[in-house]
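Everything below concerns the one structure shown next.
Chains as they are written, first to last, in the working numbering: chain A, 125 to 481; chain B, 125 to 481; chain C, 125 to 481.
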């Protein structure tokens, strides 16, 4: 996938000489992020391996969605809160519908039935329900209060963000320490897995790659974020569709590829952990960090109020994915169901004209 | 039940000589549909038996709800889209609450506990969740967009209908072919079951009965559909109540009787398959076919936007029935719960004055 | 806990000499209710033991939430229907989130994993879903109909209340008689349990204590209810927050203490039965009794329409608690999840200015 790095100079060149070619800039910077996110993931894995299981697990858990976080931080700084929120919701939905659905479908085409640890999957599904509730309440609050009482939304969002970060800390404690056994088979590093008996990189090399990839992603994100709205307009697409579906698919491409690969090896515990774990990380870690970060880097504080359609989409995605993993087995139809829900959601957003509801 | 065929001439006579007796026409045509639907089901079973398992299963899956489909097509042609939508929602709700509830209650009064195959039931419950999502999204879209953006609703409905038909095809592939084992014990033909060792009808006889019953149902449906609104008005009932509850109960009477019969024989797999399978068929096959058919036979294209109250009812019915079947066992209290939810829904619609929300 | 009885004279004295000290009156009367509810529970247990298992179980089931019922009846008589509804919703939410969450967390800190009977827990969770549906529908009806059609709400509420009482009767029949085995280990009287081999009180003594405690709770409730709104105003809190959270926590303090105690003894069946059973009792018995009682003692009939925010809160609490108990095991993270949802709900209501939505 490293040849996609070629899109870095392409994106920079386009931005410099053809700044009106928004679609091309969007596409080039989006494609350039893919290999950078891959390198970042690989560097994190190697660093984690060097630093030992405890710190390493924490590192994975924190930097696993670093690409999404960087894209969102760039959009946050530019004040594009709609894009930030769309990418948060899109990432949650995309991981549990598209990534998990594709993994179940791919695995199910090779194996008639695949089993996974119910207890770990249920614990993760419970987290997603908590996430859905934490996103529904501020949105319901705004509906109930109307425009008049918007003053309460920012302190409420800050308070909920702190609770979510606390819950994320507890979840890490649970899954890495007190009940790590429930997640056995799902902690193996995905990248390290592919590379077999290779030696982990030195701390210096891993740190250097991590730094370089971060800088690269930040740069590409700036081009990407700047071109989302004009590119969407040129394509005649709503910016909600682009934010929720296109950007999120780009941001999760690495998880996507890994989850399918391990599902084909009949390691569904790991595939689910990647898909659901990534959703949990975005919702319980990335989203509250962005809300808190908006106090420092944003033009004004950002609240946690997603547009109604996105909240509904997250809720429905959480409902069906929770039902899907509850019985500890998957087959191709389950995968197809999740993908069908993703397609129906995508169609709904596709036909929405203009701005997101 | 064949003596109910007497209501065919009664309904025709009333329509001819006493066209103002809407309640009588409604009752007579409704009762006349019951035995016709029974004959249609029987003919389908025999034909299916003659044609072998693969084609036969497909035939059952396609014509299982032919009576509902014919009633709805007649209403569609008359442009009564409210009636069509009410009967779709009523049929989904009625099958998973009334039919399944009555089967679980009846079976539970005879047996302390009844077991069924969890995996098949869960796969069906997952389908219902997908259905609920596919119905919620267009309704939410309309709420979000307001009246202004109604233009997108028809293409969105068409696109979702195509997805639903595709999912239905996959579900047939799954339940009849790749994972037929999960549904073992639920494919036995219900009618053939009662008739023991009898010889199946010849293809000609089965085809003839099927044709005659279809013509009869179509004729009776025309009288029924034409009298719904005046009959509801005369009775002081909202037409939503009549559409969602009365028409749906008539349309599902055959499933109802069969499901209770097999539940009393402790064959819960078959009872559930009839109840949930019928809901799935209405939602994934009948509803999208009606949307597509409206392009050809309706006065204007029909969308998939159910009124908010119906969407909510479908969602709640799907939620509780999914929870009910998840653990693979039933008893009388589960049946009573489902029936209580049906009664509460019925009461809510009963007290709604005038048109449906 | 008996020393809290000292707050009875304190509350009465404050009300008499310092009637403007609303916060102090609220606090004193609230604290005085705690030991009275404890005595009432103990008297009910002893009476139940004397009267034999059948009548005794019924007595427990009916008087288990007598304190809540008395508080609500006092508020009903005063026409404070907002307070009544807030305390109903608060009690349902508080039992399944706060009480169950605290029990799971406390138990989970001592035991790595605790098991309980899935079938009983699932039957109770199904009841909660039924409750949520019965509360959602009238609220949705009002939204759909607008202010114009409010006339139907009272008859609809009465009809639903009768259905709920009937379902409660069936649930008692199920859990005490036909399927008592599913709840084995959860019927042991909590108080009797602690007192080991003690002799039960005589009927006269138990009846006397019951009567005295009832009179005391009624008196204290009058002070409590009268001071809720001014106390909330003085504290700068919304009355919804006080009704839903503070009053409900006071009313459920006894359940709370018992559930944690038995969870620490690894008797999760009993802990869950107390928490969920109490929610079921409030929703299926207390709430409909209050609706029916409003015809006799209230200034006007009370409907079952909770404010939208409360209906949503009940639905979300039912969703996550149903998911939590479905697999028959608990650990500390599950408890922390439920508590986190409770905190997020509390925060949302805390930031709501003025009246409840």
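Even glycine gets a Cβ: it sits at the ideal position worked out from N, Cα and C.
Whole-number beta carbon distance between residue j and residue i, since they are thought to touch under 8 Å
i	j	result
residue 434 of chain B	residue 368 of chain B	7 Å
residue 341 of chain C	residue 160 of chain C	5 Å
residue 252 of chain B	residue 400 of chain B	7 Å
residue 405 of chain A	residue 188 of chain A	6 Å
residue 171 of chain A	residue 331 of chain A	7 Å
residue 261 of chain B	residue 472 of chain A	5 Å
Length of the line joining the Cα atoms of residue i and residue j
i	j	result
residue 444 of chain B	residue 135 of chain A	51 Å
residue 474 of chain B	residue 203 of chain B	24 Å
residue 280 of chain B	residue 372 of chain A	22 Å
residue 127 of chain B	residue 147 of chain B	21 Å
residue 141 of chain B	residue 269 of chain C	39 Å
residue 182 of chain A	residue 325 of chain A	18 Å
residue 376 of chain B	residue 192 of chain B	8 Å
residue 296 of chain A	residue 186 of chain B	49 Å
residue 152 of chain A	residue 132 of chain A	7 Å
residue 284 of chain C	residue 256 of chain C	12 Å
residue 416 of chain A	residue 408 of chain A	12 Å
residue 299 of chain C	residue 366 of chain C	34 Å
residue 457 of chain C	residue 294 of chain A	7 Å
residue 224 of chain B	residue 163 of chain C	45 Å
residue 393 of chain C	residue 378 of chain C	17 Å
residue 168 of chain A	residue 329 of chain A	11 Å
residue 318 of chain A	residue 303 of chain A	With a pLDDT of 47 at residue 318 of chain A, under the threshold of 50, the modelled position of this residue cannot be trusted; read the value that follows with caution. Between residue 318 of chain A and residue 303 of chain A, the C-alpha separation is close to 26 Å.
Helix, strand or coil at residue i [DSSP, three-state]
i	result
residue 145 of chain A	coil
residue 312 of chain C	Here residue 312 of chain C scores only 48 on pLDDT, less than 50, and its place in the model is too uncertain to base an answer on.
residue 453 of chain C	strand
residue 389 of chain A	coil
residue 236 of chain B	coil
residue 279 of chain C	helix
residue 319 of chain A	In this prediction, residue 319 of chain A scores a pLDDT of 47, lower than 50, which makes its location untrustworthy; no coordinate-derived value is stated.
residue 429 of chain C	coil
residue 301 of chain C	helix
residue 252 of chain A	helix
residue 219 of chain B	helix
residue 203 of chain A	coil
residue 443 of chain A	helix
residue 324 of chain B	coil
residue 331 of chain A	helix
residue 361 of chain A	coil
residue 164 of chain B	helix
residue 133 of chain A	helix
residue 344 of chain C	helix
residue 174 of chain A	helix
residue 424 of chain C	coil
residue 184 of chain B	helix
residue 224 of chain C	helix
residue 125 of chain A	coil
residue 475 of chain B	coil
Residue i CB to nearest heavy atom of the ligand ADP below 7 Å
i	result
residue 151 of chain C	Annotation note on the ligand ADP: not contained in the displayed structure, which lists no ligands.
Minimum Cβ-Cβ distance from residue i to chain E less than 8 Å
i	result
residue 414 of chain A	Of the protein chains in this structure, namely A, B and C, none is chain E.
Cβ-based contacts, 8 Å cut-off: residues of the segment 448-470 of chain A near chain B
448, 450, 451, 453, 455, 456, 457, 458, 460, 461, 464, 465, 467, 468 and 469
Name the residues in the segment 244-255 of chain B whose C-beta lies less than 8 Å from a C-beta of chain A; which are they?
246, 247, 249, 250, 251, 253 and 254
Got a sec: which bits of the segment 278-292 of chain C sit with their beta carbon under 7 Å from any beta carbon on chain B, in order along the chain?
279, 280, 283, 284, 287 and 291
Are at least three pairs of beta-carbons, each pair with one atom in the segment 451-462 of chain B and one in the segment 222-236 of chain B, less than 8 Å apart?
yes
Taking a cut of 9 Å between CB atoms, which residues from the segment 203-236 of chain B lie near chain A?
none
Is the number of C-beta pairs between the segment 341-355 of chain A and the segment 193-201 of chain A that are closer than 8 Å three or more?
yes
For the segment 416-445 of chain B, which residues have a CB atom closer than 9 Å to at least one CB atom of chain C, in sequence order?
431, 432, 433, 436, 437, 440, 441, 443 and 444
Against chain C: residues of the segment 257-268 of chain A by CB proximity under 9 Å:
257, 258, 260, 261, 262, 264, 265, 267 and 268
Counting Cβ pairs, one atom from each stretch, are 3 or more of them under 8 Å apart for the segment 451-458 of chain A and the segment 239-248 of chain A?
yes
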